Every structure is written in C-alpha cells, then in structure tokens.
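Chains G and V, in that order, are what the protein sequence lines are.
Each residue of the first sequence is one higher than the one before, starting from 0 at the first, in numbering that gives the first Met the number 0.
Each residue of the second sequence is one higher than the one before, starting from 0 at the first, in numbering that gives the first Met the number 0.
Yeah, the Cβ is synthetic: ideal placement off N, Cα and C, and Gly gets one too.
Predicted model only: the values in this text are computed from it and were never measured.
There are 2 protein chains.
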Amino acid sequence: MTAIRRCEQNPLIIPSQVKPSREDFKVEGVFNCGVTKYQGEVILLCRVAESVHNTEEDKVVIPMVKKIDGVETIVVETISKSEHPDYDFSDSRSVWTNGENGPRKILYLTSLSHFRIARSKDGVNFTISETPDIFPEESESWGIEDPRITFINGAYYITYTSVSCYGASTSLIVTKDFVEYDRKGIIFAAENKDVTIFPEKIGDSYYALNRPVPMAIGNPDMWIAKSPDLLHWGNQKHFLGVSEESSWINGRIGGGAVPIKTEKGWLVVYHAADRDNRYCLGALLLDFNDPTKILANTKHPILEPEAIYETEGFFGNVVFTCGVLLEEETLIIYYGAADDKICRADVALCDVFDDLESVES
Amino acid sequence: MTAIRRCEQNPLIIPSQVKPSREDFKVEGVFNCGVTKYQGEVILLCRVAESVHNTEEDKVVIPMVKKIDGVETIVVETISKSEHPDYDFSDSRSVWTNGENGPRKILYLTSLSHFRIARSKDGVNFTISETPDIFPEESESWGIEDPRITFINGAYYITYTSVSCYGASTSLIVTKDFVEYDRKGIIFAAENKDVTIFPEKIGDSYYALNRPVPMAIGNPDMWIAKSPDLLHWGNQKHFLGVSEESSWINGRIGGGAVPIKTEKGWLVVYHAADRDNRYCLGALLLDFNDPTKILANTKHPILEPEAIYETEGFFGNVVFTCGVLLEEETLIIYYGAADDKICRADVALCDVFDDLESVES
Numbered sequence: 000m001t002a003i004r005r006c007e008q009n010p011l012i013i014p015s016q017v018k019p020s021r022e023d024f025k026v027e028g029v030f031n032c033g034v035t036k037y038q039g040e041v042i043l044l045c046r047v048a049e050s051v052h053n054t055e056e057d058k059v060v061i062p063m064v065k066k067i068d069g070v071e072t073i074v075v076e077t078i079s080k081s082e083h084p085d086y087d088f089s090d091s092r093s094v095w096t097n098g099e100n101g102p103r104k105i106l107y108l109t110s111l112s113h114f115r116i117a118r119s120k121d122g123v124n125f126t127i128s129e130t131p132d133i134f135p136e137e138s139e140s141w142g143i144e145d146p147r148i149t150f151i152n153g154a155y156y157i158t159y160t161s162v163s164c165y166g167a168s169t170s171l172i173v174t175k176d177f178v179e180y181d182r183k184g185i186i187f188a189a190e191n192k193d194v195t196i197f198p199e200k201i202g203d204s205y206y207a208l209n210r211p212v213p214m215a216i217g218n219p220d221m222w223i224a225k226s227p228d229l230l231h232w233g234n235q236k237h238f239l240g241v242s243e244e245s246s247w248i249n250g251r252i253g254g255g256a257v258p259i260k261t262e263k264g265w266l267v268v269y270h271a272a273d274r275d276n277r278y279c280l281g282a283l284l285l286d287f288n289d290p291t292k293i294l295a296n297t298k299h300p301i302l303e304p305e306a307i308y309e310t311e312g313f314f315g316n317v318v319f320t321c322g323v324l325l326e327e328e329t330l331i332i333y334y335g336a337a338d339d340k341i342c343r344a345d346v347a348l349c350d351v352f353d354d355l356e357s358v359e360s
Numbered sequence: 000m001t002a003i004r005r006c007e008q009n010p011l012i013i014p015s016q017v018k019p020s021r022e023d024f025k026v027e028g029v030f031n032c033g034v035t036k037y038q039g040e041v042i043l044l045c046r047v048a049e050s051v052h053n054t055e056e057d058k059v060v061i062p063m064v065k066k067i068d069g070v071e072t073i074v075v076e077t078i079s080k081s082e083h084p085d086y087d088f089s090d091s092r093s094v095w096t097n098g099e100n101g102p103r104k105i106l107y108l109t110s111l112s113h114f115r116i117a118r119s120k121d122g123v124n125f126t127i128s129e130t131p132d133i134f135p136e137e138s139e140s141w142g143i144e145d146p147r148i149t150f151i152n153g154a155y156y157i158t159y160t161s162v163s164c165y166g167a168s169t170s171l172i173v174t175k176d177f178v179e180y181d182r183k184g185i186i187f188a189a190e191n192k193d194v195t196i197f198p199e200k201i202g203d204s205y206y207a208l209n210r211p212v213p214m215a216i217g218n219p220d221m222w223i224a225k226s227p228d229l230l231h232w233g234n235q236k237h238f239l240g241v242s243e244e245s246s247w248i249n250g251r252i253g254g255g256a257v258p259i260k261t262e263k264g265w266l267v268v269y270h271a272a273d274r275d276n277r278y279c280l281g282a283l284l285l286d287f288n289d290p291t292k293i294l295a296n297t298k299h300p301i302l303e304p305e306a307i308y309e310t311e312g313f314f315g316n317v318v319f320t321c322g323v324l325l326e327e328e329t330l331i332i333y334y335g336a337a338d339d340k341i342c343r344a345d346v347a348l349c350d351v352f353d354d355l356e357s358v359e360s
C-alpha cells in the first residue's frame, strides 16, 4: 500500500462553508475540484451540488436550468414517489427508471451543480467564492460537473461534464484570469466524461484522455484522442479498460487528474470503481513521446475510501480526483470524498513510482 | 404518402451474386451501401456480411479479425447455445446477454462485414467485385459497416462504423481512386454511428451528422459536429431526437444519405426505427448557411418496409440508406432492404419538397 498521507485538516471544504446560490437551495456537496496555481495561490474550481429544500417525504424535487422568454431561469419540478412505482428512487443522486420496460435510464438528477472557486495561499486553508463563478447554461440544463484545468500557453483550459436530458457530454471553457470565461461548446458528445487534456503538444498534437460509455457493445473504458487546436478531436484509440483481474476496477474506469510530467514519463492519477460504485484512485505512467503507450500501472489503489469522511456522505465510498499538484517531488492530490467534501492527500513521487508495475507490451 | 417509385428490377444486388471471401464463409447480406459517381459510373460501396458455414443447430459460430504473430487473421469462435442459458440468441445478427445481471449487452456479432464495390453504367445493373475492396483491420475485429461517401476537393471521404469488443465507433478512410485507401482512424469514439459529412465547407467549417448512443441519460438521437479539417471534430450539438409523437421514430433516429444541395437548402434523407426495430426513411431540409437549423421535416416516412424484399430477409422490416444521387430533379435512393439486399427507389425532388412540413423555430 502506498505511503499516502491524508491531510490532518481533512476535510478541507465541506457543504456548510458554501453559501447556497438561492435561498430555497441547500448545498449537498462541494467536491470533485479542478486544480491549478494562479498568481501564487492554489485555485480549486469546485463542483457545488445544490438541491431544493424539501420537507415532504413523498416528494423528490428537481432543479433545472431552462430558457424562459430568452432568459436562463431555474425551474423546479416536483415528483411524487408514490405516483411513480415505475421509478427507482434508491440512488440519492438521481431518479432512474426501474428497468422493467427497457434499459435502466436516469430520468432526473436530484441536484444541480455549478462551479465555485476556492483560493488558498498554503494549499490547506481555502476561501470559497460567495456566489457561483460558472453557472450552467440552457444547453447544460441538468448542471455542470467535475472540472479539470490544464494550463497551456498562458490560458487555462477547463473541461467539464455538461449534462442535459440528451446526455452527459464534455464541454470546454477557456479562461486567462478566472474572471472572464470563453465557452467553446461540447467537444465530446454524450456519453463521454472524465476528459483530461495533457498540458503540452506531444509531437504535432494535443492529447486528451476521455471516457465514452457505449450502450450495446463495450464498457465504461478510457480512450485517448488527438487534436491540432484543443477544440476539435479525432484519432480516438481505446486506452485502458475495466478488468475482472482486480475487483476495484471491474465497474468503470476514467481519467482523474490532469496528467503531469515527471522524469520517468507522464503520470496519470485515474479513478476506477467496482460494480458496487466504490471509487478508488490508481496511477499510470505513460511514454513521454507517445502517451498512448502505458509503461506502468498500479496493481492496487493508491487511495481508497477508508476515512469516515470518504465512506460516508452524499454518496459514500468515493474518492475521486480532478487534479493534482507536484511540489518538491511530492504529489498533492485534491479529491472529492463521498461526493460532498474536498480533501487532500500527499504522497512522495518516489513512492508512487515504487507502486507502479511495468506493463508488458 | 410520397410518390416514390421502387425500381422494377429490385432487388438490384442479392447475396447469391456475391462471392464469399473464404470457402468456409457464407454471404448473409449485401446491403447499406455508400453511393457516389466515379469516372462516369455509379459506385456502390456495399457492406457484405459473411457468416461461417454451420450445420450444428446448437452452435453459433463467430468470425473475428485478430492479429496473430503480427498478421491479421480471421479467427472463428464457437458457442454452444445449450451451455449458455444466460445468453439471448433471438436476434439473428448478434448474441446478447439476457440482461438478468446488468444491462443488456451484445457479446458477439454472428457475421463479419467488409466492403465491396459494385459498379454500373445505368445505375440499375451492377457488377460487384469478386474479392473484398476494404477489409476490417485488427482494431475493427468485429467488422466494418454502413459506409457513407462524401466527395470533397477531389477526394472521397468514407465514414463507416468500425466495430470491436470496445464498441461501435465511426472511422474515416480517404481515397482518390477506389484503389488506394488511406485509413485515418476513429473520428467518433464508441458508441457513435451513422456519420454523414456534408460535401463542402459551410462558413469556416465542415459539418457532420452523427448518432451517439448514451448509456445513462438520453436516447439514440442525431447530433451535429463541426471540423476544420475533416479529421478532428468538435462543437457538438444535439440535432434531432426520437419522438413519441410519431410511432415510426420512437426507437432510434440517425443520419442516412450524405446531405445534398438543393435550391431550398440541404436535403437529408435519414432513418428512424420504432421500438420493434422497424426502420423507415424520412427527409429533412436544413438551412443552407447554418445546417444546424432544421427548416422542414417529413411527418410520415418517405419510404417504409412494404415490399416482400423489405419485410423479409436477414433482419426483416428494414429500409436503410447510406447514399442518394440527384439526377435531373429526381432523387435516386439506394438502400439496404431487410439487411441483406440492395434496392433502389426514385422520387421526384418536388414530391419530397411537397412532403416536407415547416418546423417552427
């Protein structure tokens, strides 16, 4: 097991520290944050998930963004549990069909997510914005989730999951100052999440890990794509799939942190979940000049949900990262715990290298 | 109902006219052909689906492409039906999980598809290649399907479904002469099919219709993407979805023929299927300068499976087009019938326009 050290102050940010964006909203979670440094500070671009205050046991209340008379507006829909025996309300995050008449599908999300910036000089004590920094637009009517930040040539490229009734896609926003945001639209159509862009051109191309979820054939696996301009992507290749060999990766696998450059190659901290939706983190080492080549992988998780703040929360048994920092040979992993808090764990780079086992080509 | 005229010689190409690529193979279908003109001839790039000769009632035999000692080789796997009560063998085209332990998934395809060129001077009498013109590679181990051909600046851009155990993706091949083929890899990762590229730049971008199939949220709907170079795609937008309003489009909807330019706008012949997998054709009219704008749609199918060669075959009740020609104000639709034959139907452009009903924006 990797000598990973959870931060003593964990969790670093919790829902009660976040002011709701509306009076009738309740912050369910602050988690899965993109990470970068800007003007000497650590910036976490936090996913904030809000639900609607609700005291009626039989009701589920659904917040969405809609355009009404040309103005983006939050609309609240109410569903009666007793009137819908055909729905499955067992997942705190979403309402599903029960799968009796066709495939199991998500019908509603119980929360609406937006992004808020948390800033820190020491990487431990954070101050989070009082109001949303990036809010979903009409085409993201079910919310925006899980941002990753890649710094390239003076600009911050933010990939994130944009959700609507048409599916969970990946969109791109570019900013230079975390004040003005330039929306570039959907770069990977539904269903595709967990997109991390490498921080520089490799050969003639930019690269991005992505995680499509095919319906009829195939699993929720990682793929890798190439781009000349960061806006348009092609040359997709299957990269790393779920596996029956290890129980912690038999459900789904996807990009986690933005890849970072090390002396041995590109280091990728990724997530994997088992069939019971228990999410862990693993690490990959990729060839410097050809990131489609996996040199080494960790056989066991480098972080798995064990602390109480990881096993219990809005959705328990989850550790999920969208970004890491490398400081003086230490990997600083910021991660969402149990889908409602932000935590930090540090690990010496040499310890991660020790855990990486060569992958035979 | 549109005044569409089925060709008297239908079906134009049937499996018995196609020589199998191996002695132990049987041609199950020749269908879903890309269409273009080259050197004064009509070229159909036909999907040829082959199965392995099999006389044992209890067995299902699966052909696949694998790389063995660096050489692409056809490998045949045999499955015993009686040993797999957990499999669903009811679909002639594929073996499915029965859905009792998790989502219903395709485990195997019963046939392996490749492409073969059929040529004709009159557009009715075709001569088909004796051997495959384009054969699946290792990364397309389950076959290549449903090609569409777009002629742009002296080259033919062929989009097609490339299938492997990782899913059904869309790949691109470029040719100038239908002899040498330049493989450009996967442009849309799994699951995404039915990609049709518009035949010219519109504004600054190329456009393509595509049909992702998201797992958790959303339906098998049409999307539209943009590209600067035909190789890399972005700016995805949801375009046209399945609908409960008409029973013929409540299952799935996807691009059909490559869009063609008419005096009124871009004309798109698309396919839609109901929940029983009955496939029909409809037509759309799109804005010349902004093909994301749908000006008009057909309320009823312009072609639906009615003739015996459309209702009966390898998979019955299917009409499916990958390409049309426009000749002297007549739309010539080449289409796959019942997943095993190629047919032709002609319709006056003015009759299609009559059927198109304005879509309120």
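message: Cβ closer than 8 angstroms: which chain V residues qualify as neighbours of K65(G)?
response: Near K65(G) there are no residues of chain V at all, since even the closest Cβ is about 15 angstroms away, more than 8 angstroms.
For E190(G), go through chain V and note every residue whose CB falls closer than 9 angstroms to its CB, in chain order. E190, P211, V212, P213, M214, A215, I216, G217
Can you pull the chain G residues whose beta carbon is under 8 angstroms from the beta carbon of G166(V), in chain order? P211, P213, A215, I216, G217
Residues of its chain near N31(V), where Cβ-Cβ distance is below 6 angstroms and the 5 sequence neighbours each way are ignored: R46, D145, F319, C321, G335
Item checked: 8 angstroms contact criterion, which L44(G) and G33(G) should meet: CB distance rounded -> 4 angstroms
* Asked: Identify the residues that DSSP records as bridge partners of Y334(V): which are they?
  -> The partner list for Y334(V) (beta bridge, DSSP) reads T320(V), C342(V).
Exercise for review: Please name the residue or residues paired with G253(G) in a DSSP beta bridge.
Suggested key: H270(G)
Check your understanding: Measuring CB to CB, does G250(V) end up less than 8 angstroms from A272(V)?
Key -> yes
task = Can you grab the Cα-Cα spacing for the pair K25(V) / A117(V), in whole Å?
result = 19 angstroms
Notebook entry, point to check: For P19(V), which of helix, strand or coil comes out of DSSP?
Noted result: coil
Residues that Q235(V) bridges to, as DSSP identifies them: Per DSSP, I185(G).
Problem - Rounded straight-line distance, which links the Cα of K175(V) to that of Q38(V) - result: 11 angstroms
* Asked: For C6(G), does the three-state DSSP call read helix, strand or coil?
  -> Collapsing the DSSP output to three states places C6(G) in coil.
Since T310(G) is in the beta strand (DSSP E), which residue starts that stretch and which ends it?
No beta strand (DSSP E) holds T310(G); the alpha helix (DSSP H) holding it covers 307-310.
Just to confirm the assignment, what range does the alpha helix (DSSP H) spanning V358(G) have? Looking at the DSSP string, V358(G) is not in any alpha helix (DSSP H), and its letter there is neither H nor E.
Fill in: Those residues which DSSP pairs with M221(V) across a bridge
L239(V)
Q. Would DSSP call L348(V) helix, strand or coil?
A. helix
Contact belief for A189(V) with G217(G) at Cβ below 8 angstroms, rounded distance in angstroms:
The Cβ separation is near 5 angstroms, so the contact holds.
Check your understanding: Nearest chain V C-beta to V70(G) closer than 8 angstroms, yes or no?
Key -> no
| Local Cβ density within 10 Å of L208(G), reported as buried at 16 or more and exposed below that | buried
Partners in chain G for H237(V), counting only beta-carbon separations shorter than 7 angstroms: Y165
Min CB distance I185(V) to chain A below 8 angstroms
Given the protein chain composition of this structure (G and V), no chain A is represented.
Q.
Contact criterion: CB-CB distance below 8 angstroms. Does V74(G) meet it with respect to chain V?
A. no
For this session: From the DSSP output, read off the bridge partner residues of R372(V).
Result: Outside the shown range of chain V, which is 0 to 360, sits residue 372(V), and nothing can be said about it.
- Query: Straight-line CA distance for L108(V) to V75(V)?
  - Reply: 12 angstroms
Checklist entry - Which bits of chain V does I105(G) rub up against, with CB to CB less than 7 angstroms? => result Those within 7 angstroms of I105(G) in chain V are A215, I216.
Q) Leaving out five residues before and five after I201(G) in sequence, what residues of the same chain have Cβ atoms less than 7 angstroms from its Cβ? A) N288, P290
| message | Between which residues of its own chain and G312(V) is the CB-CB distance below 7 angstroms, once the five residues before and five after are set aside? | response | A336, A337, D338, D339, K340
With contact counted as at least three CB pairs below 8 angstroms, one residue from each stretch, are the segment 224-234 of chain V and the segment 226-236 of chain G in contact?
yes
Tell me whether V178(V) is buried or exposed, calling it buried when 16 or more other Cβ atoms sit within 10 Å of its Cβ.
The residue in question, V178(V), is exposed, as its Cβ has fewer than 16 Cβ neighbours within 10 Å.
*Range of the contiguous beta strand (DSSP E) that encloses M63(V)*: 58-67
Checklist entry - With distances taken between CB atoms, is the gap from G281(V) to T297(V) smaller than 8 angstroms? => result yes
Coarse secondary structure for S246(V), derived from DSSP in three states
Helix.
C-alpha gap between L285(G) and V358(V), whole angstroms: 50 angstroms
Can you tell me which of the three DSSP states E303(V) falls into? coil
Residues of chain G with CB closer than 9 angstroms to the CB of D273(V), please, in chain order. What D273(V) touches in chain G: nothing, since even the nearest Cβ is about 13 angstroms away.
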